[in-house]
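Notes follow once the structure below has been shown.
There are 2 protein chains.
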Amino acid sequence: MVDVCLLGCGGMMPLPDRRLTALLFRCGGKMLLIDCGEGTQVSVKMTGWGFKAIEAILLTHYHADHIAGLPGLLSTIGNSGREEPLTLFGPPGLRQVVAGLTVIVPALPFDILLAELPPDCLSVGHVGDIHVSCMPVEHTTPCFAYCLELKRAGRFDVEKAQSLAVPKAFWKRLQNGETVEYKGGRYTPDMVLGKERKGIKVAYCTDTRPTEGLVNFCRDADLFICEGMYGEDEKLPDAALKKHMTFSEAAGLAKKSGSKELWLTHFSPSVKDPELYLENAAKIFENSVAGRDLMMKTLHFE
Amino acid sequence: MVDVCLLGCGGMMPLPDRRLTALLFRCGGKMLLIDCGEGTQVSVKMTGWGFKAIEAILLTHYHADHIAGLPGLLSTIGNSGREEPLTLFGPPGLRQVVAGLTVIVPALPFDILLAELPPDCLSVGHVGDIHVSCMPVEHTTPCFAYCLELKRAGRFDVEKAQSLAVPKAFWKRLQNGETVEYKGGRYTPDMVLGKERKGIKVAYCTDTRPTEGLVNFCRDADLFICEGMYGEDEKLPDAALKKHMTFSEAAGLAKKSGSKELWLTHFSPSVKDPELYLENAAKIFENSVAGRDLMMKTLHFE
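Sequence lines, in order, name chains A and B. Counting from 1, one number per residue, gives the positions in the first sequence under this note's numbering. Counting from 1001, one number per residue, gives the positions in the second sequence under this note's numbering.
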């Protein structure tokens, strides 16, 4: 089970009733944040999920509306009592940006680990049980989309375990993913498990133009959170110029990728009420939702 | 006439219903901001005063709760169409801090002028018609208090002008503060004006312990905006340790300085409702007010 909270749904600048886009993902007692615009810490506080369990922050890119909240959040995580290291992931430039922003929070009680992803990076690795993948997207500056996945192992297969003569004493450990070495033999989880079952996949994609690569990257997402900077199709030239998307472009990605649900986010300040334009997405992909600050969803294994 | 708006009244971290302390001062079409915590740009937007006329930002010190909103605000000022330079004033360290924070807003359409004030600085100079003075205060890091004053010239004194044989043709220009050179003679405003009259004085003082120096600095302020990190007198040891003040200490400064009105601000997140502790200030200085976000006042010449 994972909990997802869209902390804010604004792009460019925070508004009195709309915070900047950021996503909080909670699974197994650990949290992962994507992006950290100004005011993100206020939204995190409003979730009631606390600050201390934020294990990592994934940054899509370094435009101010996606990262200006970082020093304040780090300060507040420090005040929450966290002493374990926190990892920041992001495209090239991470070191310089974090060195700059943290000049105003010089004495944090935890270490910051920096994982600067190479420009063509496709896999970030694991944060707790969460598997994180990424891909470079098409914005005005190096920028990544991220997928967060909770994998689900296959069912325990008694016949397989017996046919491979796996000692019963190891079954539980193998089922839990452990590999066991015993008297020269090596027993691996796949010897007792059936085929991996469908897990939970959340894709987060902003700021970018829609690309074919994104269709594959977001394939079969249970929840696809995608920028929709502009509601009207007529704004396509603006979207193309500024390397953003219209609602209908985001819906096109959702449809082609076979995603189950689309949350639109990162609205231009000129989009006063995203609901007014939702039909532009829904006519292409029915299960389209206009993001709202603090919109939450719990996703379960099928 | 000047307009003053307390943009936020929180210290340490922003809360869902309380932004971080910052003050916006407007006079003669120009604005001056003191401090810029995370979220300040949202409060500025809510004033309806616009962003473009912000001429200068005075920074008390570089703790995150007083400056983390700077890159976002600069970005939004840029988007407002400002092209004239904007000046930042602050204690030693300004260059390094601004260089760090602006790494995420690399292409602003206006120049930033940096005025790093020496540690013992007492006068900043003029921003438009506003005269700005400062003094170092007692915090855990170099920190300044600021006074903003709109001076008021004396009344026009016809008898004086006539007795000094000032040509009538120059009276108006001299009254407006101009000095006139004519046929080897030099005519100055003081030759036609009476004694300078009382102007408008606003003092802003956070974060610091109360000091005798502050009493003189804030002398006769029309509005004294002062930190009150803790409401209860029992928190005095915390206040002393962390170099902050209790409500009653702030009220003591207001009384001794002969200020007309005290706005308490920069409340600890533990002070849920400052009104509950207001009596601790009011019993020392009657005209004490618990700050609220977006509290505004217009001050006129007497």
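Using N, Cα and C, we set each Cβ at its ideal position, and we do this for glycine too.
Under the three-pair Cβ rule at 8 Å, the stretch 1246-1266 of chain B counts as touching the stretch 1283-1298 of chain B. Residue burial annotation: GLY28/A is exposed, with fewer than 16 other C-beta atoms found within 10 angstroms of its C-beta. Using a CB distance cut-off of 8 Å, MET1046/B counts as an interface residue toward chain A. Going by DSSP, GLU1261/B is part of no alpha helix (DSSP H) at all; its letter is neither H nor E.
In this structure, the beta-carbon distance from GLY78/A to GLY37/A does not fall below 8 Å.
Under a criterion of Cβ atoms nearer than 7 Å, no residue of chain A is adjacent to VAL1271/B; the nearest Cβ is some 16 Å distant. Taking 8 Å as the cut-off between beta carbons, the residues of the stretch 58-83 of chain A near chain B are TYR62, HIS63, ALA64, ASP65, ILE67, ALA68, GLY69, PRO71, GLY72, SER75, THR76 and ASN79, in sequence order. When secondary structure is reduced to three states using DSSP, ALA1161/B falls in the helix class. For ILE1054/B, no CB of chain A lies under 8 Å from its own CB, so it is not counted at the interface with that chain. HIS1063/B sits in coil when the DSSP states are folded into three classes, being neither helix nor strand.
Contact annotation: in the stretch 89-105 of chain A, residues whose CB is within less than 8 Å of a CB in chain B are GLN96, VAL97, ALA99, GLY100, LEU101, THR102, VAL103, ILE104 and VAL105. Closer than 8 Å to the CB of PRO1016/B there is at least one CB belonging to chain A. DSSP places PHE1267/B in the strand class (E or B) of the three-state scheme. Note that the stretch 1123-1140 of chain B touches the stretch 1205-1223 of chain B; at least 3 beta-carbon pairs, one per stretch, sit closer than 8 Å. About 5 Å separates the CB atoms of THR60/A and CYS143/A; that is less than 8 Å, so the two are in contact. If you draw a 10 Å sphere on the C-beta of GLN1096/B, you find fewer than 16 other C-beta atoms in it, and that means exposed. Counting other Cβ atoms within 10 Å of its Cβ, TYR1182/B stays below 16 and is therefore classed as exposed. A Cβ of chain A is located within less than 8 Å of the beta carbon of GLU1038/B.
Non-local C-beta neighbours of LEU1086/B in its own chain, meaning closer than 8 Å and more than five positions away in sequence, comprise ILE1054, GLU1055, ALA1056, ILE1057, LEU1074, ILE1077, PHE1110, ASP1111, ILE1112 and LEU1113, ordered along the chain. Under DSSP, the beta-bridge partners assigned to LEU223/A are VAL202/A. For MET1012/B against SER1248/B, the beta-carbon gap comes to about 20 Å, at or over 8 Å, which does not count as contact.
TYR230/A sits away from THR211/A, with the two beta carbons spaced by 8 Å or more. A Cβ of chain A is located within less than 8 Å of the beta carbon of MET1013/B. At a cut-off of 3 residues, the continuous stretches assigned as beta strand (DSSP E) that sit fully inside the stretch 70-155 of chain A are 86-90, 112-116, 123-127, 130-136 and 144-152.
In this structure, GLU116/A places its C-beta atom within 8 Å of the C-beta atom of LEU94/A. Non-local C-beta neighbours of LYS243/A in its own chain, meaning closer than 7 Å and more than five positions away in sequence, comprise GLU138, HIS139, THR140, ASP207, THR208 and ARG209, ordered along the chain. CA-to-CA, the gap between ASP65/A and PHE1301/B works out to about 41 Å. In this structure, the beta-carbon distance from ASP220/A to GLY252/A does not fall below 8 Å. Residues of chain B whose Cβ lies closer than 7 Å to the Cβ of VAL215/A do not exist, since the nearest Cβ in that chain is about 30 Å away.
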